[in-house]
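> Here the sequence shown is numbered in the numbering used here, starting from 3 and rising by one per residue.
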Amino acid sequence: MEKELEALEKNSTWDLTELPAGKRAIGSRWVYKTKLNQDGSIERYKARLVAKGYTQIEGVDFFDSFSPVAKTVTVRIFIAVATAFRWPLLQLDVNNAFLHGYLEEEVYMVPPEGYSKAHGGLVCRLKNPYTA
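1. Check for me: the beta strand (DSSP E) holding V109 runs from which residue to which?
2. By the 10 Å Cβ neighbour count, where 16 or more other Cβ atoms means buried, how is P114 classified, buried or exposed?
3. DSSP three-state label for V33, please.
4. Where does W32 land, buried or exposed, given buried means 16+ other C-beta within 10 angstroms?
5. Could you check where the alpha helix (DSSP H) with R78 kicks off and where it finishes?
6. Alpha carbon to alpha carbon, what distance is there between K37 and V109?
7. CB L124 to CB E20, shorter than 8 Å?
8. Thinking K129 and W16 are a contact (beta carbons under 8 Å), I'd like their distance in whole angstroms, please.
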C-alpha cells in the first residue's frame with residue numbers, strides 16, 4: 003500500500019480539500035494481488051487503490067466516458083506496413099499510463115484507508131482518471 007500511495011502522490015493524483023456543498027464523494031478500496039514466479043513461489047504482494055466509480059450516476063456525476071484504445075485492424079495494418087518497408091518495431095510499456103489522463107468533471111473520493119495525510123473530514127479531489 004505504501005508504494006502505491008507514494009506513486010499516487012508523486013503523480014499528483016489528487017488534492018486534499020473540503021467537500022463542496024452539493025457534491026458527494028465516492029468511496030475507495032484496496033485490491034490485493036499476489037505476484038507469482040514461474041515456479042509458483044511468491045514473488046511479491048501488490049496493492050492497488052481503486053475508486054468505487056460504479057456509484058457515480060451518469061448525467062449527475064459525469065456525462066460520458068471514453069478510453070482511447072487502438073482497434074485491432076489498425077494495429078494489424080500498422081504491423082503490415084512496417085513489415086513491408088522493413089521498419090523496426092518496438093514495444094514499450096508506460097508505467098501508470100492511466101495517471102497521465104485528464105478529468106473534465108470534478109470527482110471527489112473518500113481518502114483511502116491508511117492515508118494519514120487526510121484528516122478533519124478532507125476528501126481527495128481527483129486530478130486525473132486514475133480511479134474515477
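Just so you know, even glycine gets a beta-carbon here, dropped at the ideal spot from N, CA and C.
In this text, all values refer to a predicted model and were calculated from it rather than measured experimentally.
Reading off the structure:
1. Walking along the sequence shown from the start, residue 109 turns up at place 107. That run of the beta strand (DSSP E) goes V109 to M111.
2. Taking the first residue of the sequence shown as position 1, residue 114 is located at position 112. So P114 counts as buried.
3. Locating residue 33 in the sequence shown gives position 31, counting from the first residue. Correct three-state label for V33: strand.
4. Mapped onto the sequence shown, residue 32 falls at position 30. Result: exposed.
5. The residue given as residue 78 occupies position 76 in the sequence shown. Taken as a continuous stretch (DSSP letters only), the alpha helix (DSSP H) holding R78 covers T74 to A86.
6. Position 107 of the sequence shown, counting from 1, holds the residue named residue 109. Position 35 of the sequence shown, counting from 1, holds the residue named residue 37. Rounded to the nearest angstrom, the two C-alpha atoms are 31 Å apart.
7. The residue given as residue 124 occupies position 122 in the sequence shown. The residue given as residue 20 occupies position 18 in the sequence shown. For L124 and E20, yes; Cβs fall inside 8 Å.
8. Numbered from 1 along the sequence shown, position 127 holds the residue referred to as residue 129. Numbered from 1 along the sequence shown, position 14 holds the residue referred to as residue 16. Going by Cβ atoms, the distance from K129 to W16 rounds to 6 Å, so yes, they are a contact pair.
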